Every structure is written in C-alpha cells, then in structure tokens.
Amino acid sequence: VEAIVREEMNRAGAIELTNGCFCCAIGDDLTTALIGLIERPEPPEAIFKNFTDAGPTINTSKRRSYADLVKTNNWAIIRGSVYMIGTETIPLPPPAATDVNVLEEVHAHWRNVTDDVQWVGGITASIGYQPFSRAMARVAREKGGDLLDLDDDVDYIVLEVNSCFFYQKDYGRMARALRDVYEGARELVEAWMDEGVVDAGAHTPLFANDAFHEQDLFARMRPEHQALARSVADDLDPEGLFRDRTGGWKP
2 VEAIVREEMN
12 RAGAIELTNG
22 CFCCAIGDDL
32 TTALIGLIER
42 PEPPEAIFKN
52 FTDAGPTINT
62 SKRRSYADLV
72 KTNNWAIIRG
82 SVYMIGTETI
92 PLPPPAATDV
102 NVLEEVHAHW
112 RNVTDDVQWV
122 GGITASIGYQ
132 PFSRAMARVA
142 REKGGDLLDL
152 DDDVDYIVLE
162 VNSCFFYQKD
172 YGRMARALRD
182 VYEGARELVE
192 AWMDEGVVDA
202 GAHTPLFAND
212 AFHEQDLFAR
222 MRPEHQALAR
232 SVADDLDPEG
242 LFRDRTGGWK
252 P
C-alpha cells in the first residue's frame with residue numbers, strides 16, 4: 002500500500018511525510034496527505050479504485066423497514082455481549098501550522114483510559130478516526146445541507162469509540178470509561194482552540210450514528226438546526242410519547 006501511495010504521490014505531486022512508516026504511526030501529516038488526496042478533483046485511481054469499484058454492499062432501498070436496515074450491522078456482533086459507542090468531532094490544524102500532533106495526543110488519551118478497564122470480562126475496545134474533509138462539507142451544502150452542517154473551510158476527524166464486554170454488571174464502569182474518553186477528547190479540542198492550534202470558531206457537532214445516549218446531540222447543533230429538530234418533534238410527537246417514554250437525545 003505504501004509503495005502505491007508514494008508512486009501516485011510522486012506522479013501527481015509529492016507529499017512529504019515526516020512521521021515514519023504508514024502502518025506504525027498516527028500522524029497529522031499523514032492525515033493531511035490523505036485528506037489532500039480526497040480534496041483533488043480527480044482522486045488518484047490507483048489508491049481509490051478498490052473502493053470505487055466495490056459498489057453498494059447492502060440494500061438500502063426505501064422498501065425495507067428501518068429495523069431491518071439496522072439489523073444489517075449484526076454481522077459484527079458477538080452474541081451475548083454488551084456494546085456501547087461514543088464520538089467526538091475534532092477540527093484539524095492547517096498543514097504545518099503547529100508542532101502539536103493532534104491525533105497522537107487523542108490516541109494517547111484513549112489508551113490511558115482504556116488501560117484502566119483492560120481486565121473487564123470479554124472486553125474489546127477500538128477507536129476509529131473518520132476523515133471528513135472540507136470538500137465533503139461543500140458537497141453536502143450544494144445538495145441542500147444536513148444537520149451536521151460542518152464548516153467548509155476546515156478538515157475534521159470524527160472519532161468513533163467502541164467497546165463491548167460480556168457482563169451487564171460492568172456497564173456502569175464501562176460507561177464511565179467511555180465518558181472519560183469523549184469528554185477528555187473534548188477538553189483537548191477546547192484547549193487547542195484556546196491556544197490557536199485549531200480554528201477557535203470551528204463548528205463541532207456530534208455525529209449521530211456514533212453518539213452515546215448521554216451525549217447532548219442537539220445542543221451541539223447550530224441554533225437553526227436545534228429549532229428545526231424541536232419543530233419536527235412538536236409536529237410529529239405532539240403528545241410527547243417519544244419525549245417521555247424513550248431514552249436518548251431530546252431536541
């Protein structure tokens with residue numbers, strides 16, 4: 002993979018990486034390079050061909066029920082285990098603008114927290130770094146916008162923090178660990194904003210697919226989207242059935 006990436010970079014304009022081998026480092030310069038490839042009008046075919054040729058892997062047609070669609074992800078489930086997931090949105094600093102390695106600090110924080118729960122029965126923990134480039138935000142706005150409404154002049158990483166474990170008795174402990182991960186990541190972002198490492202005005206909503214039920218999804222939206230969510234709730238749930246009888250986020 003590294004040879005293919007470097008060959009394509011050299012052919013279409015070299016991108017210098019300073020943090021070593023691709024498989025051993027989580028570095029901001031690698032992230033910047035990969036987002037730079039996504040930003041190109043014509044992404045290099047040699048790198049993205051396997052993805053663009055894959056096509057749809059599941060049926061997401063409107064004829065399916067939502068419950069049936071959600072069950073598609075059950076292939077990855079270990080039966081009998083307890084699962085939880087959380088998220089945070091991290092604006093990336095401009096290339097070469099700082100000596101702070103944002104992703105390495107986030108990863109070290111996650112490792113520190115998960116080390117404290119490594120002996121929980123049946124635990125599996127992972128963290129995903131999902132790139133969201135400014136080009137994606139521009140395309141979203143061109144197509145009418147969405148509730149995320151990320152800035153189109155900032156590149157982002159959306160964290161996906163996962164854990165599963167065997168016993169329900171450990172739920173409270175694991176929920177606290179998950180909370181420590183995403184709240185700690187948020188504190189890092191806020192500190193970097195104060196220090197000018199990342200854009201202090203960057204909009205950082207939460208990605209609903211990955212948000213924990215305790216995270217305040219709607220409070221992180223722009224005010225106009227909060228108002229839209231409230232109006233939809235008032236129109237479709239005037240008696241407050243879902244507001245009063247379900248958990249999770251409330252507009």
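Numbering-wise (the numbering used here), the sequence shown opens with residue 2 and increments by one.
Every residue gets a Cβ at the ideal spot worked out from N, C-alpha and C, and that includes glycine.
Quick caveat: nothing in here was measured; it's all calculated off a predicted structure.
Query, Result
"Tell me which same chain residues have a C-beta within less than 6 Å of the C-beta of Pro1, skipping the five on either side of it?", "Absent from the structure is residue 1, since the part of the chain shown begins at 2 and ends at 252."
"Can you check whether the CB of Ala138 is closer than 9 Å to the CB of Ala148?", "Note that residue 148 is Leu in the sequence shown, not Ala. Cβ distance not < 9 Å, so Leu148 and Ala138 don't count as in contact."
"Distance, Cα to Cα, Leu104 vs Gly241?", "41 Å"
"Looking at the structure shown, is Thr1 part of a helix, part of a strand, or coil, going by DSSP?", "Only positions 2 to 252 of the chain appear in the structure, and residue 1 is not among them; the question remains open."
"Per DSSP, what kind of secondary structure is Arg244 in: helix, strand or coil?", "helix"
"Could you spell out the range, first to last residue, of the beta strand (DSSP E) harbouring Val83?", "83-92"
"Could you give the distance in angstroms between the alpha-carbon of Asp116 and the alpha-carbon of Asp238?", "43 Å"
"Can you grab the Cα-Cα spacing for the pair Val140 / Gly122, in whole Å?", "44 Å"
"Locate the alpha helix (DSSP H) running through Ala228, then write down its first and last residues.", "224-237"
"In the stretch 162-213, which residue ranges form an unbroken alpha helix (DSSP H) of at least 4 residues, counting only runs that do not cross its ends?", "172-196"
"Have a look at Ser233 and Ala220 and give me their C-alpha separation to the nearest angstrom.", "Residue 233 is actually Val in this sequence, not Ser. Distance between the alpha carbons of Val233 and Ala220 is about 16 Å."
"Is Pro57 buried or exposed, if buried means 16 or more other CB atoms sit within 10 Å of its CB?", "exposed"
"From Asp181 to Val114, what distance separates their C-alpha atoms?", "7 Å"
"Is the separation between the beta-carbon of Thr53 and that of Gln216 shorter than 9 Å?", "no"
"Around the Cβ of Phe243, are there at least 16 other Cβ atoms within 10 angstroms (buried) or fewer (exposed)?", "exposed"
"What number of angstroms, rounded off, separates the C-alpha of Ser82 from the C-alpha of Ser127?", "15 Å"
"So, for Tyr172: in the same chain, excluding its five sequence neighbours on each side, which residues have a beta-carbon less than 7 Å away from its beta-carbon?", "Val83"
"Drop a sphere of 10 angstroms on the beta-carbon of Ser66, count the other beta-carbons inside from all chains shown, and report buried for 16 or more, exposed for fewer.", "exposed"
"Which stretch, first to last residue, makes up the alpha helix (DSSP H) that contains Phe220?", "As written in the sequence, residue 220 is Ala, which differs from the Phe given in the question. Note, Ala220: premise wrong, no alpha helix (DSSP H); not H, not E."
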